[in-house]
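Trainee: Numbering-wise (this note's numbering), the sequence shown opens with residue 165 and increments by one. Backbone N, C-alpha and C fix where the C-beta goes; we use that ideal spot for every residue, glycine too. Quick one: the structure is below, and I'll ask about it shortly.
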Amino acid sequence: MSENYEFKCGAGKADITPPLGTKLYGYAPARPAESVGDPIAATAIKVVSNVESALLITCDIASLNPEFAVRLRKLAGDAAGVAPENVIINVTHTHSAPNCSLKSGWGEVEIDYIENILFPAVVKASAEAAATCRPALMGIGETDSNVNMNRRELTEEGEIILGQNPWGPRDPKMTVLSFKDEEGKIIANFIHFGCHGTASGRNPEITRDWYGVMTDMLDVETGGISAFFQGFEGDLGPNCPNGKTTQNYKAAIRIGGQAGMDAVRAWKNIKEWRQFPVKVLHDTISIPFDPLASKEKAEEELAKLGTLEQIYAEDRLFDVNDYIHWTNVLNEYTSGNPMKTHFTFEQSIVTIGPVAILPAPFEVFCEIGLRIRKGSPYPYTLNLCNTHGCYAYLPTQSDIPRGGYEVWHFLLAMRTTYPLPRNTDDHWVQQNLAILRKG
Numbered sequence: 165m166s167e168n169y170e171f172k173c174g175a176g177k178a179d180i181t182p183p184l185g186t187k188l189y190g191y192a193p194a195r196p197a198e199s200v201g202d203p204i205a206a207t208a209i210k211v212v213s214n215v216e217s218a219l220l221i222t223c224d225i226a227s228l229n230p231e232f233a234v235r236l237r238k239l240a241g242d243a244a245g246v247a248p249e250n251v252i253i254n255v256t257h258t259h260s261a262p263n264c265s266l267k268s269g270w271g272e273v274e275i276d277y278i279e280n281i282l283f284p285a286v287v288k289a290s291a292e293a294a295a296t297c298r299p300a301l302m303g304i305g306e307t308d309s310n311v312n313m314n315r316r317e318l319t320e321e322g323e324i325i326l327g328q329n330p331w332g333p334r335d336p337k338m339t340v341l342s343f344k345d346e347e348g349k350i351i352a353n354f355i356h357f358g359c360h361g362t363a364s365g366r367n368p369e370i371t372r373d374w375y376g377v378m379t380d381m382l383d384v385e386t387g388g389i390s391a392f393f394q395g396f397e398g399d400l401g402p403n404c405p406n407g408k409t410t411q412n413y414k415a416a417i418r419i420g421g422q423a424g425m426d427a428v429r430a431w432k433n434i435k436e437w438r439q440f441p442v443k444v445l446h447d448t449i450s451i452p453f454d455p456l457a458s459k460e461k462a463e464e465e466l467a468k469l470g471t472l473e474q475i476y477a478e479d480r481l482f483d484v485n486d487y488i489h490w491t492n493v494l495n496e497y498t499s500g501n502p503m504k505t506h507f508t509f510e511q512s513i514v515t516i517g518p519v520a521i522l523p524a525p526f527e528v529f530c531e532i533g534l535r536i537r538k539g540s541p542y543p544y545t546l547n548l549c550n551t552h553g554c555y556a557y558l559p560t561q562s563d564i565p566r567g568g569y570e571v572w573h574f575l576l577a578m579r580t581t582y583p584l585p586r587n588t589d590d591h592w593v594q595q596n597l598a599i600l601r602k603g
């Protein structure tokens, strides 16, 4: 090694498993947890070279309120000695963990869990990552995996449903970044892949879903701490044996076993271990909003929906989301604040030599990630969704006319209030590529 970047790495992990009885997020929202299929955790990996450092965190939950993410980046950064803007907060998107997102049709937000279990655990894992930071080498391994499947199934009637679409776009690439110390001991493994954590379906078990088995297998094989970082999974789900992307806990275990073999193969494909420079690329993503609906339109829609109590009493799950959206629109007019013109996101792309780790606060369709990867100057561009919070799905323009659950969620603008334009995908691709190319 002719270069000397003083490359270091440390890792920490802390349990975030809630008590039994905690209401779980997902397809059967607010179902009480009856058992622990496998414990959930928060994992932190600190990387350092010379004066630049970054903290990579992943949590086994489905989604995180962006406001909570801001607080958590500061707390974690303070614990690890890393600037908050250099902290990445990703969530794995298991549908079998407490709701840490926003009040919606997915059930009430578990504030006590967030404040008393999630936040302290992330701080603990971050402090451990800093305490164990030591000289290290990084290796990069890849493989293709058949664990995921495009889930936007097109029926013969022309309707998009959540199922399996074997002709739809998907990203088969699984990447493992592995870090080892000077004695050859594996410190941590960073597994990147895009696929919803929904194989367990409406299960009563607390679980990491399929990727829990995967990370455990790589732990055993390597002796290090393995962590899953969720890629662009907006239209990708697990390839369940029943022909859907949801099934049950046993199916999640089976799929996880296949994913685990893939992750081990990717790790074994590492050919070279080196020191690398760490650099974080900062810039602002700015996307113009479409015009806000009128005050009269918001009042009209709320009158049709009725009260929130009526909606819950009648079990109109998705109407809760519409109610929140139209209430937010009405509040914009009554707040007295200036109307917003742009959605902005303070982007922080962590680069480690030839690797770029690129966050997105959406559930992004995989084709958008493939476009970024193709245009990126970094040979390994790892797109992360559900990072620093999540606002909505981000579909491609070509998928919007077909509709479907993800498109409805995007057009609803429940979490941004103001609608994003239909060519948001172009804005996202072009502006992130500009940041990567500036390097």
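Would you list the one or two residues that DSSP bridges to residue 208?
Mentor: Within the sequence shown, numbered from 1, the residue matching residue 208 stands at position 44. Note: residue 208 sits in a beta bridge opposite 176 and 221.
Trainee: What residues are listed by DSSP as bridge partners for residue 612?
Mentor: Residue 612 falls outside the range modelled here, since the chain spans only 165 to 603, and no answer is possible.
Trainee: Beta carbon of residue 334, beta carbon of residue 313: below 9 Å?
Mentor: As a first step, residue 334 must be located in the sequence shown, where it is residue number 170. As a first step, residue 313 must be located in the sequence shown, where it is residue number 149. Yes, Cβ-Cβ distance for residue 334 and residue 313 is below 9 Å.
Trainee: Tell me whether residue 561 is buried or exposed, calling it buried when 16 or more other Cβ atoms sit within 10 Å of its Cβ.
Mentor: Counting from one through the sequence shown, the residue named residue 561 turns up at place 397. By the 10 Å Cβ count, residue 561 comes out exposed.
Trainee: Closest to residue 263 by CA distance: which of 256, 275 and 292 is it?
Mentor: For the purposes of this step, residue 263 is identified with residue 99 of the sequence shown, where counting begins at 1. Closest by alpha carbon: 275.
Trainee: Hey, would you say residue 570 sits closer than 9 Å to residue 257, going by beta carbons?
Mentor: Translated into positions along the sequence shown, residue 570 becomes position 406. Translated into positions along the sequence shown, residue 257 becomes position 93. Contact: no.
Trainee: Kindly indicate the opening and closing residues of the alpha helix (DSSP H) around residue 284.
Mentor: Along the sequence shown, one-based indexing puts residue 284 at 120. It spans 283-295 - the alpha helix (DSSP H) in which residue 284 sits, taken as one unbroken run.
Trainee: Excluding five sequence neighbours on each side, which residues of the same chain lie with their C-beta closer than 8 Å to the C-beta of residue 414?
Mentor: Position 250 of the sequence shown, counted from the first residue, corresponds to residue 414. Around residue 414: no qualifying Cβ.
Trainee: Residue 211 and residue 343 - do their beta-carbons sit closer together than 9 Å?
Mentor: Translated into positions along the sequence shown, residue 343 becomes position 179. Translated into positions along the sequence shown, residue 211 becomes position 47. Cβ distance < 9 Å, so residue 343 and residue 211 count as in contact.
Trainee: Note down, in chain order, each residue of its chain lying with its Cβ closer than 6 Å to the Cβ of residue 265, except the 5 sequence neighbours on either side.
Mentor: The residue given as residue 265 occupies position 101 in the sequence shown. Counting only Cβ-Cβ distances below 6 Å, and skipping sequence neighbours, we find 227 and 229.
Trainee: Looking only at DSSP bridge pairs, what is residue 264 linked to?
Mentor: The residue labelled residue 264 in the question sits at position 100 within the sequence shown. Its beta-bridge partners are 228.
Trainee: DSSP beta-bridge partners for residue 452?
Mentor: Within the sequence shown, the letter at position 288 stands for residue 452. The partner list for residue 452 (beta bridge, DSSP) reads 506.
Trainee: Quick one, are the C-beta atoms of residue 168 and residue 218 less than 9 Å apart?
Mentor: One-based indexing of the sequence shown puts residue 168 at position 4. One-based indexing of the sequence shown puts residue 218 at position 54. Not in contact: residue 168 and residue 218 (Cβ atoms no closer than 9 Å).
Trainee: Report buried or exposed for residue 166, applying the criterion of at least 16 other Cβ atoms within 10 angstroms of its Cβ.
Mentor: Taking the first residue of the sequence shown as position 1, residue 166 is located at position 2. Any answer about residue 166 is weak, because its pLDDT of 42 lies below 50 and its placement is not dependable; what the coordinates show is given next. Residue 166 should be labelled exposed.
Trainee: Do residue 585 and residue 451 have their CB atoms nearer than 9 Å?
Mentor: The count along the sequence shown starts at 1 and reaches residue 585 at position 421. The count along the sequence shown starts at 1 and reaches residue 451 at position 287. Yes, they are a contact pair.
Trainee: My output table needs one value for residue 562: the three-state DSSP class, helix, strand or coil.
Mentor: Taking the sequence shown and counting its residues from 1, the one referred to as residue 562 is at position 398. The answer is helix: DSSP assigns residue 562 an H, G or I state.
Trainee: Between the C-alpha atoms of residue 272 and residue 194, what's the straight-line distance to the nearest angstrom?
Mentor: As a working mapping, residue 272 is identified with position 108 in the sequence shown. As a working mapping, residue 194 is identified with position 30 in the sequence shown. So the two alpha carbons sit approximately 7 Å from each other.
Trainee: Mark residue 381 as exposed unless 16 or more other C-beta atoms lie within 10 angstroms of its C-beta, in which case mark it buried.
Mentor: Within the sequence shown, residue 381 is the residue found at index 217, counting from 1. The residue is buried, with at least 16 neighbouring Cβ atoms inside 10 Å.
Trainee: Which value, in whole angstroms, describes the spacing of the CA atoms of residue 534 and residue 356?
Mentor: Counted from its first residue, the sequence shown places residue 534 at position 370. Counted from its first residue, the sequence shown places residue 356 at position 192. Between residue 534 and residue 356, the C-alpha separation is close to 14 Å.
Trainee: Should residue 501 go down as buried or exposed, given a rule of 16 or more other Cβ atoms within 10 Å for buried?
Mentor: Counting from one through the sequence shown, the residue named residue 501 turns up at place 337. It counts as exposed.
Trainee: What is the residue span of the alpha helix (DSSP H) that residue 472 lies within?
Mentor: Counting from 1 along the sequence shown, the entry for residue 472 is found at position 308. 472-477 is the span of the alpha helix (DSSP H), which, as asked, contains residue 472.
Trainee: Among 485, 307 and 409, whose alpha-carbon lies nearest the alpha-carbon of residue 430?
Mentor: Locating residue 430 in the sequence shown gives position 266, where the first residue counts as 1. Closest by alpha carbon: 307.
Trainee: Identify which residue in 179, 298 and 252 has its Cα closest to the Cα of residue 170.
Mentor: What you label residue 170 is simply residue 6 of the sequence shown in a count that begins at 1. Taking only the C-alpha atoms, the option nearest residue 170 is 298.
Trainee: Can you name the start and end residues of the beta strand (DSSP E) that residue 339 belongs to?
Mentor: Numbered from its first residue, the sequence shown carries residue 339 at position 175. 337-345 is the extent of the beta strand (DSSP E) around residue 339.
Trainee: Return the chain-ordered ranges of every alpha helix (DSSP H) run that is complete within the region 304-384 and spans a minimum of 4 residues.
Mentor: The qualifying runs do not exist here; there are none.
Trainee: How many whole angstroms separate the CB atoms of residue 428 and residue 462, which I take to be in contact at a CB cut-off of 8 Å?
Mentor: In the sequence shown, counting from the first residue as 1, residue 428 sits at position 264. In the sequence shown, counting from the first residue as 1, residue 462 sits at position 298. With a Cβ gap of about 53 Å, residue 428 and residue 462 do not count as contacting.
Trainee: If you reduce the DSSP assignment to three classes, tell me which class residue 166 lands in.
Mentor: Sequence index remark: in the sequence shown, residue 166 carries index 2 (1-based). Summary for residue 166: the model assigns pLDDT 42, below 50, so the residue's position carries little reliability; its value from the coordinates is reported in the next sentence. Note: residue 166 maps to coil in three-state DSSP.
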